[in-house]
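Q: This is the structure I have questions about; it appears just below.
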């Protein structure tokens, strides 16, 4: 590799590709959203494929009765023999009767429901009136024709923003579904700096949903929330921009941006962050020994690619060869792009076969990709990290920085442990 | 519209993928939106395949819908031919593409590709995965196979094994070896391992061996009509079925050579005294009809279990299952709603479930041991070792697999003898299941899926029992002395007994009266 030019990636040309995309659709987000929102049910209006996707992506039937399900469209719904709206009302009535613990119901659009133009907004409005005040019904689309993987969460949160109550309070709102343990850590750090109360979208329960207004300032914790951001801006809220809180550096810069907004004195900031920063640095350093100077290739998946590449390049010493992302939102990723050392290829969208050609030609030390590609690439001798683990595992903020680096280090350490070549021969 | 949480079968195009992925030199061009590519991971993760499935997805998006999705399909088909150089392609639509009616078959035909194009018409809103596999294989055979002279030596085709099938890889190896021992050549096995060029030679075989009616019955029927090839009706799962299969094959082939049974251990393992504890254990069976019917016969006739219920999720084979259930004197359960299956199991309180991965989870919830006998599959259904269900080795494997979830014979005996002994107390669980106490019997069998999050949140479904009945404390204590693996049944039986007698309290006497009442 030639010497890297100085400066960030904000103004690098982007390779835009169009072709087969080896990515999940937005429905996949239901798997973590339903865990996060404990009194919500997600009802996909779709096909058997949608139901099959959910159970396959969830790791096959791990929940006996999860708070998501699929109302499967049948021939008679499509042929107009049955009024799909009436059918849907019946299924919703049944569901809510069986699950009195449900306070929020999301009707989730899918590829087939979008193609037949089944009006779920109308259905949600009607059912909201029918089941008020006990249950509120909202709708969004997680269809593959409109959303890629994490965009499902974005669509869900964006659907909630217009119905959030109004407030004039000057409050901080954290936006993005994080595992509770991580969210609690973030709230504790902010509280230690005197920033309270802090609201969170999505809240764990419907009764705790935040209010929003002209004095709300919000910080995204996930980079894929473009529509939610737009919706909050429309409600008059103001965004705090910062790199995303991955790694010691990302977390510190993110916290500092929030602290600056709330006028936290720098000595207080330092005293609150000093110990966790030191812990994070130490934990990352241990993993960085494995990662330093290794080359890295990102297939597009979750939109976390740019911030993660920034973390892996700057804090772990890795050398990204290609950073692929489904969508590159410069407004949101600007601060991360500024920090990311220039990479040979920054790509948006996908033509999977051509991208595989590039990966094979470069033979990166570590390839971050989806589950459909991981074993085939391993069989070709390339170490891989499943991208989906990055959204299912707690990886944000200081205490997880070492774990995050560890997710990337483990495949490399494992390869070093196994006798070289043995696995490859067996895969033939 | 029907609310579904978990499904036993995927959509029909996944069945087509199972056929395409099992074969060599065939490519599937699938008109489908972004997201449908999830199906690749079924093969690369669950089955640990080292190659991507040979599928190109058009991955159209919303913005393409107003424009030219047909052109996307043309490009994808042409690119797939150029890049992968298949010997034939199959083309079709997933559920969403079916709605936009681009007619992939017609489009691909018009491209003038240099290879045979086989159009699939798989109605996504009516049919399911097994139908998709069966229909796809039928269309491939219809398009490619031609009548031809029979081989000089007696030969057969083996039909049915696909990718992502329950132990198909090992069954194929087992049956191939068995046929070889009988002096019968295997002309070809398909779909697994076959190339389009091999399919063209199908007509050379003297007869067909149909291993899985779920995936290849239509093709077998077609060959019977088109090429005059008879096909086997016996599925060789179990000792008796394997022997019957051998007799059937021998008659078709006109051979008298029987395979060696020396490696068959199952009958002695079942007859040896340690297996006494298996006697009359009540089992519930659920899965695809073929595996369930075979398993029920093994359970009753070769292991000495009592079949207390059986069912299948695939309606295509419901008739055969109903007939079998009648022979066993149980109600057939034909459903693809796992909640109905769970309710049936909760009501019957079997001592062992023989089911799919879905029933394994139901068993975890209800504290009932389960062994897996059928698809849908899970990563643990693809063991590294040779582990067939069919043939003599299959019978051995089945014995081990079914007995494994249970407490071992001598151990069960000790538990009865020592009951509250500090080492033999039932909280220790079966001693060959390491590292967990009985509560985790509910978590134990098998590996967890890739993203384990234990989130059981619903209460166990209760069998219909009188809630108003009170257990007196001495009776409750006595109940706890009963080993855990029969305690659920004892509690249920006693409560039913008490309810039947109009009692609202259960004493020690009631417990033992119930025991005597239900004694076998």
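Chains as they are written, first to last, in the numbering used here: chain A, 7 to 434; chain B, 124 to 643.
We put the CB at the ideal spot given by N, CA and C, even for glycine.
Remember, predicted model here, so these are calculated numbers, not experimental data.
1. Using the Cβ count rule (16 or more neighbours within 10 Å means buried), how would you classify residue 635 of chain B?
2. Could you work out which residue in A:250, A:182 and A:404 is closest to residue 346 of chain A when comparing CA atoms only?
3. Taking the alpha carbon of residue 454 of chain B as the point to measure from, which residue in B:195, B:325 and B:468 has its own alpha carbon closest?
4. In terms of residue numbering, what span does the alpha helix (DSSP H) encompassing residue 145 of chain B cover?
5. What residue from A:398, A:333 and A:116 has the CA that sits closest to residue 20 of chain A's CA?
6. I'd like to know whether the C-beta atoms of residue 347 of chain B and residue 357 of chain B end up nearer to each other than 8 Å.
7. Enumerated in chain order, which unbroken segments of the alpha helix (DSSP H) with a length of 4 residues or greater are wholly contained in the segment 342-389 of chain B?
8. Taking Cβ positions only, does residue 161 of chain B come closer than 8 Å to chain A?
9. Is residue 176 of chain B buried or exposed, if buried means 16 or more other CB atoms sit within 10 Å of its CB?
10. I need the boundaries of the beta strand (DSSP E) containing residue 313 of chain B, first residue and last residue.
11. Using 8 Å as the limit for Cβ to Cβ distance, is residue 137 of chain B near chain A?
12. Provide the residue span of the alpha helix (DSSP H) that contains residue 481 of chain B, from first to last.
13. Could you check the C-alpha separation between residue 629 of chain B and residue 398 of chain B for me, to the nearest Å?
14. In chain order, which alpha helix (DSSP H) runs of at least 4 residues are fully inside the segment 413-457 of chain B?
15. When you compare the CB positions of residue 234 of chain A and residue 341 of chain A, do they come within less than 8 Å of one another, or not?
16. Listed in chain order, which residues of the segment 368-386 of chain A have Cβ atoms closer than 8 Å to some Cβ of chain B?
17. Inspect the CB distances between the segment 38-47 of chain A and the segment 369-386 of chain A and report whether three or more fall short of 8 Å.
18. Report yes or no: do three or more beta-carbon pairs, one from the segment 190-206 of chain B and one from the segment 127-140 of chain B, lie closer than 8 Å?
19. Quick check: what's the CA-CA separation for residue 381 of chain A versus residue 222 of chain A?
20. Around the Cβ of residue 285 of chain B, are there at least 16 other Cβ atoms within 10 angstroms (buried) or fewer (exposed)?
21. Is the Cβ of residue 185 of chain A closer than 8 Å to any Cβ of chain B?
22. At a Cβ threshold of 8 Å, is residue 30 of chain A touching chain C?
23. Kindly say whether residue 61 of chain A, judged by its beta-carbon, lies nearer than 8 Å to any beta-carbon of chain B.
24. Please state whether the Cβ-Cβ distance between residue 441 of chain B and residue 457 of chain B is less than 8 Å.
25. In terms of residue numbering, what span does the alpha helix (DSSP H) encompassing residue 356 of chain A cover?
26. Beta carbons nearer than 7 Å to chain B: which residues of the segment 140-172 of chain A have them?
27. Nearest to residue 479 of chain B by CA position, among B:417, B:493, B:472 and B:489, is which residue?
28. Which of the three DSSP states is assigned to residue 97 of chain A in this structure?
29. With DSSP as the reference, label residue 129 of chain B as helix, strand or coil.
30. Between the C-alpha atoms of residue 495 of chain B and residue 477 of chain B, what's the straight-line distance to the nearest angstrom?
31. How about residue 305 of chain A and residue 379 of chain A: are their beta carbons less than 8 Å apart?
32. Closer than 9 Å by beta-carbon distance: list the chain B residues that pair up with residue 55 of chain A, in chain order.
33. If you run the structure through DSSP and keep just helix, strand and coil, what is residue 400 of chain B?
34. Are there 16 or more other CB atoms within 10 angstroms of the CB of residue 178 of chain B, so buried, or fewer, so exposed?
35. Output yes if chain A places a C-beta closer than 8 Å to the C-beta of residue 128 of chain B; else output no.
36. Which residues of chain A have a Cβ atom closer than 8 Å to the Cβ of residue 223 of chain B, listed in chain order?
A: Judging by the given coordinates:
1. Within the second chain, numbered from 1, the residue matching residue 635 of chain B stands at position 512. Residue 635 of chain B should be labelled exposed.
2. Counting from 1 along the first chain, the entry for residue 346 of chain A is found at position 340. The residue with the shortest Cα to Cα distance from residue 346 of chain A is A:250.
3. On the second chain, position 331 is the one that residue 454 of chain B refers to. The shortest C-alpha separation from residue 454 of chain B is found at B:468.
4. Reading the second chain from its first residue, position 22 is the one you call residue 145 of chain B. That run of the alpha helix (DSSP H) goes 135-145.
5. Taking the first residue of the first chain as position 1, residue 20 of chain A is located at position 14. Selected option, being the one with the closest Cα: A:333.
6. Stepping through the second chain from its first residue, residue 347 of chain B is reached at position 224. Stepping through the second chain from its first residue, residue 357 of chain B is reached at position 234. No; because the gap between Cβ atoms is not below 8 Å, this pair is not in contact.
7. 362-376
8. The residue labelled residue 161 of chain B in the question sits at position 38 within the second chain. So yes, residue 161 of chain B belongs to the interface.
9. For the purposes of this step, residue 176 of chain B is identified with residue 53 of the second chain, where counting begins at 1. Buried: at least 16 other Cβ atoms inside 10 Å.
10. For the purposes of this step, residue 313 of chain B is taken as the residue at position 190 of the second chain. Per DSSP, residue 313 of chain B belongs to the beta strand (DSSP E) from 308-313.
11. Position 14 of the second chain, counted from the start, is the residue given in the question as residue 137 of chain B. With its beta carbon less than 8 Å from one in chain A, residue 137 of chain B belongs to the interface.
12. For the purposes of this step, residue 481 of chain B is identified with residue 358 of the second chain, where counting begins at 1. Taken as a continuous stretch (DSSP letters only), the alpha helix (DSSP H) holding residue 481 of chain B covers 480-489.
13. Here residue 629 of chain B refers to the residue found at position 506 when the second chain is read from its first residue. Here residue 398 of chain B refers to the residue found at position 275 when the second chain is read from its first residue. Rounded to whole angstroms, residue 629 of chain B to residue 398 of chain B spans 34 Å at the Cα level.
14. Secondary structure within the segment 413-457 of chain B: the alpha helix (DSSP H) runs of 4 or more consecutive residues, fully enclosed, are 441-451 (chain order).
15. Start at 1 with the first residue of the first chain, and residue 234 of chain A comes out as number 228. Start at 1 with the first residue of the first chain, and residue 341 of chain A comes out as number 335. Result no, Cβ atoms of residue 234 of chain A and residue 341 of chain A do not sit closer than 8 Å.
16. 376, 377, 378, 379, 380, 381, 382, 384 and 385
17. no
18. no
19. Position 375 of the first chain holds residue 381 of chain A. Position 216 of the first chain holds residue 222 of chain A. The straight-line gap from Cα to Cα measures roughly 46 Å.
20. Working through the second chain from its first residue, we reach residue 285 of chain B at position 162. So residue 285 of chain B ends up on the buried side.
21. Numbered from its first residue, the first chain carries residue 185 of chain A at position 179. For residue 185 of chain A, the answer is no, since every Cβ of chain B falls outside 8 Å of its Cβ.
22. Of the chains in the structure shown, none is chain C; the protein chains are A and B.
23. If you number the first chain from 1, residue 61 of chain A lands on position 55. It does: the Cβ of residue 61 of chain A has a partner Cβ on chain B nearer than 8 Å.
24. Within the second chain, the letter at position 318 stands for residue 441 of chain B. Within the second chain, the letter at position 334 stands for residue 457 of chain B. Taking 8 Å as the cut-off, the Cβ atoms of residue 441 of chain B and residue 457 of chain B count as close.
25. As a working mapping, residue 356 of chain A is identified with position 350 in the first chain. First-last for residue 356 of chain A: 351-356, but that is the beta strand (DSSP E), not the alpha helix (DSSP H).
26. 150, 151, 152 and 154
27. Taking the first residue of the second chain as 1, we reach residue 479 of chain B at position 356. Cα-wise, what sits closest to residue 479 of chain B is B:493.
28. The residue given as residue 97 of chain A occupies position 91 in the first chain. Correct three-state label for residue 97 of chain A: helix.
29. For this step, residue 129 of chain B is matched to residue 6 along the second chain. Coil, per DSSP.
30. As a working mapping, residue 495 of chain B is identified with position 372 in the second chain. As a working mapping, residue 477 of chain B is identified with position 354 in the second chain. Using only the alpha carbons, I get a separation of about 6 Å.
31. Numbered from its first residue, the first chain carries residue 305 of chain A at position 299. Numbered from its first residue, the first chain carries residue 379 of chain A at position 373. Yes.
32. Indexing the first chain from 1 puts residue 55 of chain A at position 49. Those are 133, 134, 136, 137, 155, 158, 159, 161, 162, 217, 218, 219 and 247, listed as they occur along chain B.
33. By one-based count along the second chain, residue 400 of chain B stands at place 277. In this structure, residue 400 of chain B counts as helix in the three-state DSSP scheme.
34. The count along the second chain starts at 1 and reaches residue 178 of chain B at position 55. With 16 or more Cβ atoms within 10 Å of its Cβ, residue 178 of chain B is classed as buried.
35. Position 5 of the second chain, counting from 1, holds the residue named residue 128 of chain B. At least one chain A Cβ lies under 8 Å of residue 128 of chain B.
36. Locating residue 223 of chain B in the second chain gives position 100, where the first residue counts as 1. Neighbours of residue 223 of chain B on chain A, chain order: 121.
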